[in-house]
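J.: Per numbering that gives the first Met the number 0, numbering of the sequence shown is gapless, rising by one per residue and ending at 220. Yeah, the Cβ is synthetic: ideal placement off N, Cα and C, and Gly gets one too. Keep in mind the model is a prediction, meaning the values are calculated, not measured.
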Amino acid sequence: MLSYSIRPMRKEDISQVAEIDHEAFPTMWPPANYERELRTPLAHYIVAHEGKPTTERTRVTVTKERDPASLVTRVQQLLHYKPTLNTEGPPPANKQYIVGFAGLWMMANEAHLTNIAVRWSHRQRGIGELLLISLIDLALELNAHILTLEVRASNISAKSLYYKYGLSVVNVRQGYYTNNKENALVMTREDITSAAFQEHLNQLKKAHADRWGIAIDHVTR
Ligand SMILES: CC(C)(COP(=O)(O)OP(=O)(O)OC[C@H]1O[C@@H](n2cnc3c(N)ncnc32)[C@H](O)[C@@H]1OP(=O)(O)O)[C@@H](O)C(=O)NCCC(=O)NCCS
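1) Below 9 Å between beta carbons: does that hold for A183 and R172?
2) What does DSSP give as the partner residues of H128 in its beta bridges?
3) By the three-class DSSP mapping on this structure, what secondary structure does A208 have?
4) Less than 8 Å between the CB atoms is what I'm expecting for A116 and A23, so what's the real figure, rounded?
5) Rounded to whole angstroms, what's the CA-CA distance from R210 to S2? Just pull it up for me.
6) Would you call the stretch 181-198 and the stretch 143-156 touching, i.e. three or more CB-CB distances under 8 Å?
7) Please state whether DSSP places W119 in a helix, a strand or coil.
8) Name, in chain order, the residues that DSSP records as bridge partners for G102.
9) Would you kindly check if the distance between the Cβ of S4 and the Cβ of K51 is under 9 Å?
10) According to DSSP, is E189 helix, strand or coil?
11) Is DSSP giving Y96 helix, strand or coil here?
12) Output the distance between the C-alpha atoms of H43 and S133, rounded to the nearest integer angstrom.
13) Between which two residues does the beta strand (DSSP E) holding R9 run?
14) Look up L148 in the DSSP assignment and say whether it is helix, strand or coil.
15) Beta carbon of Q202: closer than 8 Å to some heavy atom of ligand 1?
16) Going by DSSP, name the residue or residues bridged to S167.
17) If you reduce the DSSP assignment to three classes, tell me which class N201 lands in.
18) Could you spell out where the alpha helix (DSSP H) holding S14 opens and where it closes?
19) If you follow the alpha helix (DSSP H) that L141 is in, where does it begin and where does it stop?
20) Compare the Cα-Cα distances from Y33 to each of T177, K163 and I19 and report the closest residue.
21) Quick check on A68: does DSSP put it in helix, strand or coil?
22) In the DSSP output, what is E181 paired with across the bridge?
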């Protein structure tokens, strides 16, 4: 049984993160300059990797495999699989296999979610949700009161994930995405420090834990 853990992104993760970025956002090229992002004090990035937590600032671990009901999705994913830019072969033994990443920018009391992506082969196993939970915990730790992000209007999976965590559409940016002039939805959740949001978050964390076998370790930056 595989396990997945969350930790801060490191420089040596960038080649794998760029692969995932390219796979998830094929029309956005070149990808974000993650080396620069890691040097930016406002930016905070995390990765989900295969394996047990390292001692370094680990948050959560998922241990269950996908349930059989999602096998249909897996077959669909394999049928539509597009090769990525991975020309390096498997990562060296001393590197962890990164299965997803996410990031945010802190501006005043607002956490702007810049990115969240999971390898195609690893989707619908609770990893995207694990990353979002970890980002929200991180935002709270950084004293954010508001979560905000932009998402393509057609991005059903991401919108569903964000609705689940209480974000709602507050604005539409017409023709925001240059490749196809698609609209961006601005989704926001205010008052993430409120008792109501905390209760909702705790319920979702528990449901995620029960479903996927999550062990919350500790939350630090
Ligand atoms: C969005 C994304 C990160 C979700 O990751 P994931 O690991 O597959 O998601 P999870 O298995 O944790 O699912 C969590 C929730 O996401 C939503 N979701 C995930 N896949 C979905 C799908 N195919 N259809 C509808 N909703 C979906 C659901 O709300 C799900 O909760 P549920 O299982 O209780 O219904 C992933 O699809 C991805 O990497 N997409 C490409 C990158 C991207 O578009 N990022 C968002 C940019 S704003």
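T.: So, to answer that:
1) yes
2) In the sequence as presented, His is not what sits at residue 128; that position holds Glu. Partner(s): none; E128 has no beta bridge.
3) helix
4) 4 Å
5) 14 Å
6) yes
7) helix
8) Y44 and N114
9) yes
10) coil
11) coil
12) 11 Å
13) It is not in any beta strand (DSSP E) - R9 carries neither H nor E in the DSSP assignment.
14) strand
15) no
16) T187
17) helix
18) I13 to A23
19) From DSSP, L141 is part of no alpha helix (DSSP H); its letter is neither H nor E.
20) I19
21) Because A68 sits at a pLDDT of 39, beneath the cut-off of 50, its placement in the model cannot be relied upon, and the following sentence gives the value as read from the coordinates. Helix at A68.
22) Y176
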